[in-house]
Amino acid sequence: MISVSHCFESLRNNGGQCALIPFITAGDPDLETTAKALEVLDSSGADLIELGVPYSDPLADGPVIQAAATRSLSRGTTLESVLEVVQTVSPRLRSPIILFTYYNPILYR
Numbered sequence: 006m007i008s009v010s011h012c013f014e015s016l017r018n019n020g021g022q023c024a025l026i027p028f029i030t031a032g033d034p035d036l037e038t039t040a041k042a043l044e045v046l047d048s049s050g051a052d053l054i055e056l057g058v059p060y061s062d063p064l065a066d067g068p069v070i071q072a073a074a075t076r077s078l079s080r081g082t083t084l085e086s087v088l089e090v091v092q093t094v095s096p097r098l099r100s101p102i103i104l105f106t107y108y109n110p111i112l113y114r
C-alpha cells in the first residue's frame, strides 16, 4: 500500500489528475463483504478508499450513511473489528485506506 501523500503527489505529477476515492461503511452488510469490497475497489482503480467506521450517533452524516451505520452496528461491528479487517486486508492493497470516523469511538477505545 502506498501512502496518502505519495498518492496525491503521483496524481499531481501526472498532469493534476483527479483522485477516485470511493466510500463504503465497514460492516454493511458484514465485515467479510467489507474485506472483499476493499479488494475489489483497489483492483478496480481506486486511488484511495474511504472506509466509514459506524457510529451510534452519526449526526453529521446524511441518511444513507446513517442507515448503513445503523445496519452495521446492529450486526455487532466495532472499531476493533474494523481495525482487524484493515490490518488483514491492507497489506494486499495498493490503495491507501482512510478511516472516516467520529472522535468518540477513538476517545473511548
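For the sequence shown, position 44 (counting from the first letter as 1) is numbered 49 according to our numbering, and the numbering increases by one without interruption.
Positions of the beta carbon are idealized from the N, C-alpha and C atoms, including for glycine.
{"Item": "Residue 75 lies in the alpha helix (DSSP H); which residues open and close that run?", "Value": "68-79"}
{"Item": "Which residue's Cα is closest to the Cα of residue 110: 9, 14, 82, 101?", "Value": "82"}
{"Item": "Identify, in the order they occur along the chain, each residue of the same chain with its Cβ nearer than 8 Å to the Cβ of residue 46, setting aside the five sequence neighbours on each side.", "Value": "27, 29, 54, 100"}
{"Item": "To which residues of the same chain is residue 24 closer than 8 Å at the C-beta, ignoring the five residues directly before and after it?", "Value": "12, 13, 16, 52, 53"}
{"Item": "Spatial neighbours of residue 105 within its chain, please: CB distance less than 6 Å, with the 5 preceding and 5 following residues excluded, ordered by chain position.", "Value": "55, 57"}
{"Item": "Leaving out five residues on either side along the sequence, give the residues of the same chain with a beta carbon under 7 Å from the beta carbon of residue 70.", "Value": "30, 57, 63"}
{"Item": "In the DSSP output, which residue or residues are listed as bridge partners for residue 104?", "Value": "56"}
{"Item": "Can you check which of these residues, 49, 19, 21, 60, is closest to residue 77 by C-alpha distance?", "Value": "60"}
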